[in-house]
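Report on the following structure.
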Amino acid sequence: MAIEVRNVSRRFGEFVALDDVCIRVNDGALTALLGPSGSGKSTLLRIIAGLETPDSGEVRIGERVVTDAPARTRDVGFVFQHYAPFKHMTVHDNVAFGLKVRRRPKTEIRARVHELLGLVRLEGLADRYPSQLSGGQLQRMALARALAVAPRVLLLDEPFGALDALVRAELREWLRRLHEEIHVTTIFVTHDQEEAMALAEQIVVMNRGRIEQAGTPRELYESPRNEFVMSFIGPVNRLGEASFLRPHDIQIMPYATGEGTEALIERVVHLGFEVRVELKLGDGRDVWAQVTRESAQELELHEGQILAVRLPEPRVFA
Amino acid sequence: MSFSKLGVRTLALGYLALLLAAPVAMIFYRTFEHGIAPVWDAVSAPNAVRAFWLSIEIVAIAVPLNTAFGVGVALLLERGSFRGKALLGMLVDLPFAISPVVVGLALVLVYGKTGWFGDWLIGHGIQVIFSVPGMVLATAVVSLPFVVRETAPVLRELSTDAEQAAATLGAGAWQTFRRITLPAIRWGVVYGVVLTTARALGEFGAVSVVSGRIEGQTQTLPLYVQGQFENFNITGAYASAVVLALLALATLVAMNLLTRRTRRREAI
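Sequence order for the protein chains is A and B. When you line the first sequence up against this note's numbering, it's residues 18 to 335, in that order. When you line the second sequence up against this note's numbering, it's residues 106 to 373, in that order.
If you want it as structure tokens, here you go:
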């Protein structure tokens, strides 16, 4: 189901959480709301779910205007940042909750819960209580619980925020595949640009209650509309007031070639395939360059070495 | 164990022993000094039995009332936002601050023959003061804060995430309360109920004022104990006191067993 948010504003006292926000999410799309904390992304998600009311503006899910509809009538699946498990219920009963509330027949509930626990790979844990599950398992239980009622849209608030790096990457991949399988319109909130890039078909970049830019990951990376998007999506060097350079666009050459400008290596950081080279330019400016492991080896990069670098034309925002 | 730790422990235990354990033990000792027979005679005297059942009756009405009211007010205080919330919070604590005797007198002023509602009540043939309804009222007032004060902090600590999750899953307000909120706060409620019950069973001052202390009619167990004591029926007083103590103890043990069993089942 498509989601449309029109001119939504929301204040909390003096704080403006959302300022005249408009977004459109297509049916079946996987969209990320990306921004730093306090940018309003979670508030926007909660307004779509009906957990928060906007001061002005309109929210549509499908053809229906839901601005004033209570959360329970909106048919949204919501996954909370800290999973919000029902601690006094087993995994089975957690997942069955939405169906029980809807008074579905017992046999149907049992079959549906079984199916969902299979989908999230928690088959053997139906009789456990949330206190006996790991963070990743809780996350998947919360997802199964939200999906059980076959929601029209799925909303996830910082879904991987509380997990450690390894589980995070695994769950992220798994969620992407799940979305390919069930194709429910999904919006997730994150402050991690890498996560947004890896997962989403469309990214909405938010900052201070406003939308900075919306587009595919590639669009945002290649043609950022302003300096905020430029510096938030992908690594960046800031050269002047509003002029930026991607670290992988900086070309490094041996000094002897006589081309480019000279630079001193201050630090070399090996990050696996990628090597991060921190440089001081002849004019005193600090930049860092991103090179591959191979070229770092070829040039025998080390601290204190003098090199030549070629800087492309920086991207300047007015 | 260090000397100072031992000292603190001895002091604490000694304090409890002097104030609590010794007097209670003495009551038990004096009660059974001459064997079981006189004790049985004393507690099975018609007025003693009547007092016992009256106490049970009053508790059976006042405690559920205060439980429902207490949970409701705790929800209002912790989840609601309205004018006069601070005032409500203060009002709830009032019964702790006012002497029970004053509570009793105040009830007489409102519901007695010459009170505000006196004429109306008499006109409809309802007797509140010097009868069971008044005693239930008095008991409810003095034991009113316990459930609120035990439930509210648990509610405050409880994040609203689970309640909101229930709402997104289609649950209405009542379903969310019954299936999500109540199970999460029930240990607070249970503890409040235990304290309310204990207080209601033992209430003397307020009930004494509104009951008129009519022997065999409006005497609860504590009033009966006091009556026997005043009439120099020491065995009767002690025996009924023991019954009262055992009732309170039974409440505590019952709640303890109940909570322990459900806790184990849930493995929290």
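Note that beta-carbon positions come from the ideal geometry of N, C-alpha and C, so glycine has one too. A quick note: this is a predicted structure, and the numbers were derived from the prediction, not measured.
Open item on the list: Short of 8 Å Cβ to Cβ, which residues in the segment 247–280 of chain B face chain A?
Closed with: Within the segment 247–280 of chain B, the residues whose Cβ lies closer than 8 Å to some Cβ of chain A are SER264, ASP266, ALA267, GLN269, ALA270, ALA271, ALA272, THR273, LEU274, GLY275, ALA276, GLY277, GLN280, listed in chain order.
TODO: Please state whether DSSP places A/ARG89 in a helix, a strand or coil.
DONE: The sequence position of residue 89 of chain A within the first sequence is 72, counting from 1. Helix.
Open item on the list: Please identify, using Cβ separations under 9 Å, the residues of the segment 70–104 of chain A that lie next to chain B, in order along the chain.
Closed with: PRO87, ALA88, ARG89, THR90, ARG91, ASP92, VAL93, GLY94, PHE95, VAL96, PHE97, GLN98, HIS99, TYR100, ALA101, PRO102, PHE103, LYS104
Open item on the list: Which of the three DSSP states is assigned to B/ILE373 in this structure?
Closed with: The residue given as residue 373 of chain B occupies position 268 in the second sequence. For B/ILE373, the predicted model reports a pLDDT of 44, less than 50, meaning its position is unreliable; a value from the coordinates is still stated below. Correct three-state label for B/ILE373: coil.
Task: At least three beta-carbon pairs within less than 8 Å, the segment 128–148 of chain B to the segment 343–352 of chain B - done: yes
Task: Proximal residues to B/LEU300 (C-beta, below 6 Å), its chain only, five neighbours per side dropped - done: Taking the second sequence and counting its residues from 1, the one referred to as residue 300 of chain B is at position 195. Closer than 6 Å at the Cβ level, and outside the excluded window around B/LEU300, lie PHE251.
Task: For A/LYS123, the three-state DSSP class (helix, strand or coil) - done: The residue given as residue 123 of chain A occupies position 106 in the first sequence. It is helical.
Task: Per-residue DSSP class, three states only, for B/ILE203 - done: In the second sequence, counting from the first residue as 1, residue 203 of chain B sits at position 98. Reduced to three states, the DSSP call for B/ILE203 is coil.
Open item on the list: To the nearest angstrom, how far is the alpha carbon of B/GLY209 from that of A/THR60?
Closed with: Position 104 of the second sequence, counting from 1, holds the residue named residue 209 of chain B. Position 43 of the first sequence, counting from 1, holds the residue named residue 60 of chain A. Rounded to whole angstroms, B/GLY209 to A/THR60 spans 52 Å at the Cα level.
Open item on the list: Rounded to the nearest angstrom, what separates B/ALA147 and A/ARG121 at their Cα positions?
Closed with: Here residue 147 of chain B is taken as the residue at index 42 of the second sequence, counted from 1. Here residue 121 of chain A is taken as the residue at index 104 of the first sequence, counted from 1. Near 59 Å, if we compare the C-alpha coordinates of A/ARG121 and B/ALA147.
Task: Straight-line Cα distance separating A/ILE126 from A/LYS117 - done: Position 100 of the first sequence, counted from the first residue, corresponds to residue 117 of chain A. Position 109 of the first sequence, counted from the first residue, corresponds to residue 126 of chain A. Going from the Cα of A/LYS117 to the Cα of A/ILE126 covers about 7 Å.
TODO: Look at B/GLY307 and B/ASN152 and say whether their C-beta atoms are less than 8 Å apart.
DONE: If you number the second sequence from 1, residue 307 of chain B lands on position 202. If you number the second sequence from 1, residue 152 of chain B lands on position 47. Result no, Cβ atoms of B/GLY307 and B/ASN152 do not sit closer than 8 Å.
TODO: Check the Cβ-Cβ distances between B/THR285 and every residue of chain A, and say whether any is below 8 Å.
DONE: Along the second sequence, one-based indexing puts residue 285 of chain B at 180. The amino acid at residue 285 of chain B is misidentified as Thr; the sequence shows Ile. Judged by the 8 Å Cβ criterion, B/ILE285 is in contact with chain A.
Task: Contacts of A/PHE114 in chain B (Cβ-Cβ under 8 Å) - done: Numbered from 1 along the first sequence, position 97 holds the residue referred to as residue 114 of chain A. Those within 8 Å of A/PHE114 in chain B are ALA271, LEU274, ALA276, ARG284.
TODO: To the nearest angstrom, report how far apart A/ARG27 and A/VAL206 are at their CA atoms.
DONE: Within the first sequence, numbered from 1, the residue matching residue 27 of chain A stands at position 10. Within the first sequence, numbered from 1, the residue matching residue 206 of chain A stands at position 189. Across the structure, A/ARG27 and A/VAL206 are spaced so that their CA atoms are roughly 18 Å apart.
Task: Cβ pair count under 8 Å reaching 3, the segment 32–42 of chain A against the segment 217–226 of chain A - done: yes
Task: Residue from A/VAL333, A/GLU311, A/GLU291, A/GLN268 with nearest C-alpha to A/LEU324 - done: Here residue 324 of chain A refers to the residue found at position 307 when the first sequence is read from its first residue. Of the candidates A/VAL333, A/GLU311, A/GLU291, A/GLN268, the one whose C-alpha sits nearest the C-alpha of A/LEU324 is A/GLN268.
Open item on the list: Let me confirm a value: A/SER151 is counted as buried when at least 16 other C-beta atoms fall within 10 Å, else exposed. Which label applies?
Closed with: Taking the first sequence and counting its residues from 1, the one referred to as residue 151 of chain A is at position 134. With fewer than 16 other Cβ atoms within 10 Å, it is exposed.
TODO: Closer than 6 Å by C-beta to A/THR84: which residues in its own chain qualify, once you throw out the five before and the five after it? Chain order, please.
DONE: As a first step, residue 84 of chain A must be located in the first sequence, where it is residue number 67. For A/THR84, where only same-chain residues beyond five positions count, the Cβ hits under 6 Å are GLU75, VAL76.
Open item on the list: My parser needs the alpha helix (DSSP H) runs of 4 or more residues fully inside the segment 202–264 of chain B; what are they?
Closed with: 205–216, 223–228, 237–247, 250–262
Task: Where A/SER312 sits in the DSSP three-state scheme - done: The count along the first sequence starts at 1 and reaches residue 312 of chain A at position 295. Three-state DSSP puts A/SER312 in a helix.
Task: In DSSP terms, what A/LYS297 is bridged to - done: The sequence position of residue 297 of chain A within the first sequence is 280, counting from 1. Bridge partners of A/LYS297: A/LEU281, A/ASP303.
Open item on the list: Output needed in chain order: residues of the segment 197–221 of chain B with a Cβ under 8 Å from some Cβ in chain A.
Closed with: none
Task: Touch test, the segment 231–244 of chain B against the segment 39–47 of chain A, Cβ-Cβ under 8 Å, three pairs minimum - done: no
Open item on the list: Quick check: the Cα distance between B/LEU111 and B/ALA117, rounded to an integer number of angstroms?
Closed with: For the purposes of this step, residue 111 of chain B is taken as the residue at position 6 of the second sequence. For the purposes of this step, residue 117 of chain B is taken as the residue at position 12 of the second sequence. Spanning the two alpha carbons is a distance of roughly 10 Å.
Open item on the list: One question on the structure: do B/ALA311 and B/VAL247 come within less than 8 Å of each other, judged by their Cβ atoms?
Closed with: Here residue 311 of chain B corresponds to residue number 206 of the second sequence, with the count starting at 1. Here residue 247 of chain B corresponds to residue number 142 of the second sequence, with the count starting at 1. Closer than 8 Å, so yes.
Task: Anticipated Cβ contact below 8 Å, A/PRO331 with A/PHE261, distance rounded - done: As a working mapping, residue 331 of chain A is identified with position 314 in the first sequence. As a working mapping, residue 261 of chain A is identified with position 244 in the first sequence. The pair is a contact, with the Cβ atoms about 6 Å apart (cut-off 8 Å).
Open item on the list: Taking the straight line between their C-alpha atoms, what separation do you get for A/ASP300 and A/GLY321?
Closed with: Here residue 300 of chain A is taken as the residue at index 283 of the first sequence, counted from 1. Here residue 321 of chain A is taken as the residue at index 304 of the first sequence, counted from 1. One C-alpha to the other measures close to 17 Å.
Task: chain A contact for B/ALA127 (CB, 8 Å cutoff) - done: Here residue 127 of chain B corresponds to residue number 22 of the second sequence, with the count starting at 1. Not one beta carbon of chain A lies nearer than 8 Å to the beta carbon of B/ALA127.
Task: Where A/ASN243 falls: helix, strand or coil (DSSP) - done: Position 226 of the first sequence, counted from the start, is the residue given in the question as residue 243 of chain A. In the structure shown, A/ASN243 sits in coil (DSSP, three-state: anything other than H, G, I, E or B).
TODO: Return the bridge partner residues of A/MET223 from the DSSP annotation.
DONE: Against the first sequence, residue 223 of chain A aligns to sequence position 206. According to DSSP, A/MET223 bridges with A/ILE228.
Open item on the list: Is there a Cβ of chain A sitting closer than 8 Å to that of B/PRO327, yes or no?
Closed with: On the second sequence, residue 327 of chain B is found 222 positions in, with the first residue counted as 1. For B/PRO327, the answer is no, since every Cβ of chain A falls outside 8 Å of its Cβ.
Task: Listed by chain order, chain B residues near A/LEU68 by CB distance under 9 Å - done: The residue labelled residue 68 of chain A in the question sits at position 51 within the first sequence. Going along chain B in sequence order, the residues near A/LEU68 (Cβ under 9 Å) are GLN269, ALA272, THR273.
Open item on the list: Contact criterion: CB-CB distance below 8 Å. Does A/ARG119 meet it with respect to chain B?
Closed with: Here residue 119 of chain A refers to the residue found at position 102 of the first sequence. At least one chain B Cβ lies under 8 Å of A/ARG119.
Task: C-beta contact flag for A/LEU62 and A/LEU51 at 8 Å - done: The count along the first sequence starts at 1 and reaches residue 62 of chain A at position 45. The count along the first sequence starts at 1 and reaches residue 51 of chain A at position 34. The answer is no: Cβ separation not under 8 Å.
Task: Short CB-CB distance (under 8 Å) between A/LEU136 and chain B - done: For the purposes of this step, residue 136 of chain A is taken as residue 119 along the first sequence, with counting starting at 1. Chain B contact via Cβ: absent.
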